[in-house]
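Participant: The numbering used here puts the first residue of the sequence shown at 1, with every later residue one more than the last. Let me give you the structure first, and then I'll get to my questions.
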Amino acid sequence: MRSRLVVFNTLSREKEPFVSLRRGKVQMFVCGPTVQDYIHLGHARTYIFYDVVARYLTHLGYKVRFVLNITDVDERITDEAKRTGMTPFALARKYSRAFVEDMARLKADTICRFEPVSKYVDKMIEQVSLLIRKGHAYAVDGWVYFDISTFPNFGKLSHQSSRELSLRPLELSIWKRNLLDFSLWHPRTLVEGKWDSPWGMGSPSWHIQDIAVTASLLGPQYDLHGGAYELIYPHHEAEIAEAESLTSLRPFVKYWVHTRLVNIKGEKMSKSSGNVYTVRDALRSYSVNQIRMFLLSRHYRRDMDIRGIDSAAKTYNRLRGMAEKCRRAVGAASKEYDEESLQHFCDAMNDDFDTPLALRALGEGLVSTSNTRSATAAARKLASIRLATSILGVDLGLG
Ligand SMILES: [Zn+2]
Numbered sequence: 001m002r003s004r005l006v007v008f009n010t011l012s013r014e015k016e017p018f019v020s021l022r023r024g025k026v027q028m029f030v031c032g033p034t035v036q037d038y039i040h041l042g043h044a045r046t047y048i049f050y051d052v053v054a055r056y057l058t059h060l061g062y063k064v065r066f067v068l069n070i071t072d073v074d075e076r077i078t079d080e081a082k083r084t085g086m087t088p089f090a091l092a093r094k095y096s097r098a099f100v101e102d103m104a105r106l107k108a109d110t111i112c113r114f115e116p117v118s119k120y121v122d123k124m125i126e127q128v129s130l131l132i133r134k135g136h137a138y139a140v141d142g143w144v145y146f147d148i149s150t151f152p153n154f155g156k157l158s159h160q161s162s163r164e165l166s167l168r169p170l171e172l173s174i175w176k177r178n179l180l181d182f183s184l185w186h187p188r189t190l191v192e193g194k195w196d197s198p199w200g201m202g203s204p205s206w207h208i209q210d211i212a213v214t215a216s217l218l219g220p221q222y223d224l225h226g227g228a229y230e231l232i233y234p235h236h237e238a239e240i241a242e243a244e245s246l247t248s249l250r251p252f253v254k255y256w257v258h259t260r261l262v263n264i265k266g267e268k269m270s271k272s273s274g275n276v277y278t279v280r281d282a283l284r285s286y287s288v289n290q291i292r293m294f295l296l297s298r299h300y301r302r303d304m305d306i307r308g309i310d311s312a313a314k315t316y317n318r319l320r321g322m323a324e325k326c327r328r329a330v331g332a333a334s335k336e337y338d339e340e341s342l343q344h345f346c347d348a349m350n351d352d353f354d355t356p357l358a359l360r361a362l363g364e365g366l367v368s369t370s371n372t373r374s375a376t377a378a379a380r381k382l383a384s385i386r387l388a389t390s391i392l393g394v395d396l397g398l399g
């Protein structure tokens, strides 16, 4: 029997059958980088994974609309700019450009559309104003805070009780009504990065930025929201509170999907600890195909370690050699697919995007192709493998 796609939803903590909100269409959004530096392999893992998700959903016949934001307004950018002597805008521009280049080199930009959040500040002001009018937010001394007491479902995505939440107060400030209130707008002292608003000159907070982009491009509800798992709380929790308070439509997002970390020798990769391996560094030693193979060689809901990259690169070389031999023996791949080989691959992908299993199916497919006597049958198998590699974006040289 043919399998159907199931997706692990952070909201329910269960694998759920994937049914899009609108037939034949999927709208998805992924939290992109804060452009204060070059992206590292942890970022690359996240963006390559959702690129594969979008490619696979397209293969299943969905028309996919995929937006990835670029956070080019943020205190971290201002801080980094101060440190380097650049202006925040120049710094954000430099690293936005580098990000777009890196994504192209990683072949992770085929379906997604990049959106800098600075284009949507008017929308953010409109949304914050509406939240205030509806009684979900309050302005004080140039700040605007979301009033968490008006949203009883806060904590549902991260599965935290109100007692657990109260142990992790957000954004300490004397102006806040509740410990967990988070800012939507803040006053800025810097000349650059300030916008005129009903609350004075200032900037939108990080948590309000995504819903301005998605409300403008995807509407009030959409299918899938992705990002690294450390964004679940408070970032994504805050988004749900804002969006559902604005529209009263539930759920704001149907499937919440989160990727895990890439560690360096057991330690988390992060800019703050200086423990990073940038995409640019990786591309000096490995090919794009080897990097994609490595990052897809572990299930997205499990942490992985950079130590595995050499062995993944070797596996790639071996598969490429096998593919080359098959291609020489079989000739051109057929226009028709071998349904069974393809189904093997799809069964793996249908089980919550199990890319390690899908990669194994590729290897098994190549062995089976070289053992097939009939040239027609072998050419069909090769066609299925070629299709699978195009979904994973790992090119084995099959044309
Ligand atoms: Zn975000």
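Every residue gets a Cβ at the ideal spot worked out from N, C-alpha and C, and that includes glycine.
1) With which residues is residue 28 paired in a DSSP beta bridge?
2) Looking at C-alpha atoms only, which residue of 182, 64, 206, 383 is the closest neighbour of residue 337?
3) Could you check whether the Cβ of residue 71 sits closer than 8 Å to any heavy atom belonging to ligand 1?
4) Which value, in whole angstroms, describes the spacing of the CA atoms of residue 335 and residue 380?
5) From 393, 88, 118, pick the residue whose C-alpha is nearest to that of residue 212; which is it?
6) Which residue's Cα is closest to the Cα of residue 264: 199, 9, 41?
7) Do you know whose CA, among 280, 343, 297, lies nearest residue 98's CA?
8) For residue 247 and residue 220, which I take to be in contact (beta-carbon distance under 8 Å), what is that distance rounded to the nearest angstrom?
9) Using the C-alpha atoms, what's the distance from residue 143 back to residue 352?
10) Taking 8 Å as the cut-off, is the CB of residue 206 close to at least one heavy atom of ligand 1?
11) For residue 295, which of 355, 15, 161, 22 has the nearest alpha-carbon?
12) Quick check on DSSP: helix, strand or coil for residue 153?
13) Does the beta-carbon of residue 83 have 16 or more other beta-carbons within 10 angstroms, so that it is buried, or is it exposed?
14) Anything with a beta carbon under 5 Å from a heavy atom of ligand 1 counts; list them all in chain order.
15) Please classify residue 237 as buried or exposed, where buried requires at least 16 neighbouring CB atoms within 10 angstroms.
16) Can you have a look at residue 33 and say buried or exposed, based on whether 16 or more other CB atoms are within 10 angstroms of its CB?
17) Taking the continuous alpha helix (DSSP H) assigned at residue 99, which residues delimit it?
18) Provide the residue(s) that pair with residue 368 in DSSP beta bridges, ordered along the chain.
19) Kindly provide the ranges of any alpha helix (DSSP H) runs that are 4 or more residues long and lie completely inside the region 118-147, ordered along the chain.
20) Near residue 350, what residues of its chain come up, given a Cβ to Cβ distance below 8 Å and the 5 sequence neighbours on each side ignored?
21) Put residue 355 into one of helix, strand or coil per three-state DSSP.
22) In this structure, does DSSP put residue 305 in helix, strand or coil?
23) Please classify residue 376 as buried or exposed, where buried requires at least 16 other C-beta atoms within 10 Å of its C-beta.
24) Out of 57, 28, 89, 395, state which residue places its alpha-carbon closest to the alpha-carbon of residue 78.
25) Taking the alpha carbon of residue 161 as the reference point, which residue from 173, 180, 145 has its own alpha carbon closest?
26) Exposed or buried, what is residue 231 when buried is set at 16 or more other beta-carbons lying within 10 Å of its beta-carbon?
27) Indicate whether residue 301 and residue 399 have their beta-carbon atoms separated by less than 9 Å.
28) Does DSSP classify residue 384 as helix, strand or coil?
29) Just how far apart, CA to CA, sit residue 150 and residue 123?
30) Which residue wins for smallest C-alpha separation from residue 47, given the options 218, 152, 70?
31) Excluding sequence positions up to five away, which residues of its chain have a Cβ less than 6 Å from the Cβ of residue 59?
32) List the endpoints of the continuous beta strand (DSSP E) containing residue 254.
33) Return the Cβ separation of residue 369 and residue 330 in integer angstroms, given the expectation that the two are a contact with Cβ distance under 8 Å.
34) Tell me, to the nearest whole angstrom, how far the beta carbon of residue 121 is from that of residue 204; I am working on the premise that it is less than 8 Å.
35) If you follow the beta strand (DSSP E) that residue 264 is part of, which residue opens it and which one closes it?
36) Establish whether the CB of residue 379 and some CB of chain C are separated by less than 9 Å.
Facilitator: Walking through what the data contain:
1) Translated into positions along the sequence shown, residue 28 becomes position 28. DSSP output for residue 28 lists 66, 224 as bridge partner(s).
2) Locating residue 337 in the sequence shown gives position 337, where the first residue counts as 1. Of 182, 64, 206, 383, the residue nearest in Cα terms is 383.
3) Your numbering for residue 71 matches position 71 in the sequence shown. Taking 8 Å as the cut-off, one finds at least one heavy atom of ligand 1 near enough to the beta carbon of residue 71.
4) The residue labelled residue 335 in the question sits at position 335 within the sequence shown. The residue labelled residue 380 in the question sits at position 380 within the sequence shown. Straight-line spacing of the CA atoms in residue 335 and residue 380 works out to 7 Å.
5) Locating residue 212 in the sequence shown gives position 212, where the first residue counts as 1. Checked all of 393, 88, 118; the closest Cα to residue 212 is 118.
6) Start at 1 with the first residue of the sequence shown, and residue 264 comes out as number 264. Of the candidates 199, 9, 41, the one whose C-alpha sits nearest the C-alpha of residue 264 is 41.
7) For the purposes of this step, residue 98 is identified with residue 98 of the sequence shown, where counting begins at 1. For the residues 280, 343, 297, the minimum Cα distance to residue 98 belongs to 280.
8) On the sequence shown, position 247 is the one that residue 247 refers to. On the sequence shown, position 220 is the one that residue 220 refers to. In this structure residue 247 is in contact with residue 220, their Cβ atoms being roughly 4 Å apart against a cut-off of 8 Å.
9) In the sequence shown, counting from the first residue as 1, residue 352 sits at position 352. In the sequence shown, counting from the first residue as 1, residue 143 sits at position 143. Take the alpha-carbon of residue 352 and the one of residue 143: they are about 41 Å apart.
10) Position 206 of the sequence shown, counting from 1, holds the residue named residue 206. Yes, Cβ of residue 206 sits closer than 8 Å to a heavy atom of ligand 1.
11) Counted from its first residue, the sequence shown places residue 295 at position 295. Comparing alpha-carbon positions, the option among 355, 15, 161, 22 lying closest to residue 295 turns out to be 355.
12) If you number the sequence shown from 1, residue 153 lands on position 153. Residue 153: coil per DSSP, three-state reduction.
13) Residue mapping note: residue 83 aligns to position 83 of the sequence shown, counting from 1. The residue is exposed, with fewer than 16 neighbouring Cβ atoms inside 10 Å.
14) My final list is 31, 210.
15) For the purposes of this step, residue 237 is identified with residue 237 of the sequence shown, where counting begins at 1. By the 10 Å Cβ count, residue 237 comes out buried.
16) For the purposes of this step, residue 33 is taken as the residue at position 33 of the sequence shown. Buried is the call here.
17) By one-based count along the sequence shown, residue 99 stands at place 99. Where residue 99 is concerned, the enclosing alpha helix (DSSP H) stretches over 88-105.
18) By one-based count along the sequence shown, residue 368 stands at place 368. Beta-bridge analysis with DSSP links residue 368 to no other residue.
19) You should have 121-133.
20) Here residue 350 refers to the residue found at position 350 when the sequence shown is read from its first residue. Non-local C-beta neighbours of residue 350 in its own chain, meaning closer than 8 Å and more than five positions away in sequence, comprise 3, 4, 5, 6, ordered along the chain.
21) Translated into the one-based positions of the sequence shown, residue 355 becomes position 355. In the structure shown, residue 355 falls within a helical segment according to DSSP collapsed to helix, strand and coil.
22) Start at 1 with the first residue of the sequence shown, and residue 305 comes out as number 305. Residue state, collapsed to three classes: strand.
23) Position 376 of the sequence shown, counted from the start, is the residue given in the question as residue 376. Taking all protein chains in view, the Cβ of residue 376 is surrounded by fewer than 16 other Cβ atoms within 10 Å, so the residue is classified as exposed.
24) Position 78 of the sequence shown, counted from the first residue, corresponds to residue 78. Nearest of 57, 28, 89, 395 to residue 78, Cα basis: 89.
25) For the purposes of this step, residue 161 is taken as residue 161 along the sequence shown, with counting starting at 1. With distances taken between CA atoms, residue 161 lies nearest to 180 out of 173, 180, 145.
26) Locating residue 231 in the sequence shown gives position 231, counting from the first residue. With 16 or more Cβ atoms within 10 Å of its Cβ, residue 231 is classed as buried.
27) To locate residue 301, count along the sequence shown from 1; it is residue 301. To locate residue 399, count along the sequence shown from 1; it is residue 399. Result no, Cβ atoms of residue 301 and residue 399 do not sit closer than 9 Å.
28) Against the sequence shown, residue 384 aligns to sequence position 384. Helix, per DSSP.
29) The residue given as residue 150 occupies position 150 in the sequence shown. The residue given as residue 123 occupies position 123 in the sequence shown. Roughly 22 Å separates the two Cα atoms.
30) The residue labelled residue 47 in the question sits at position 47 within the sequence shown. Comparing Cα positions, the closest option is 70.
31) The count along the sequence shown starts at 1 and reaches residue 59 at position 59. Around residue 59, the same chain offers 391 as residues with beta carbons nearer than 6 Å, after the five sequence neighbours per side are excluded.
32) Within the sequence shown, numbered from 1, the residue matching residue 254 stands at position 254. For residue 254, the enclosing beta strand (DSSP E) starts and ends at 253-259.
33) Position 369 of the sequence shown, counting from 1, holds the residue named residue 369. Position 330 of the sequence shown, counting from 1, holds the residue named residue 330. That pair is a contact at about 7 Å.
34) Here residue 121 refers to the residue found at position 121 when the sequence shown is read from its first residue. Here residue 204 refers to the residue found at position 204 when the sequence shown is read from its first residue. Taking a contact as a CB-CB distance under 8 Å, the pair residue 121 and residue 204 counts as one, their CB atoms being some 6 Å apart.
35) Here residue 264 refers to the residue found at position 264 of the sequence shown. Its beta strand (DSSP E) spans residues 262-264.
36) Among the protein chains of the structure shown there is no chain C, as only one such chain exists.
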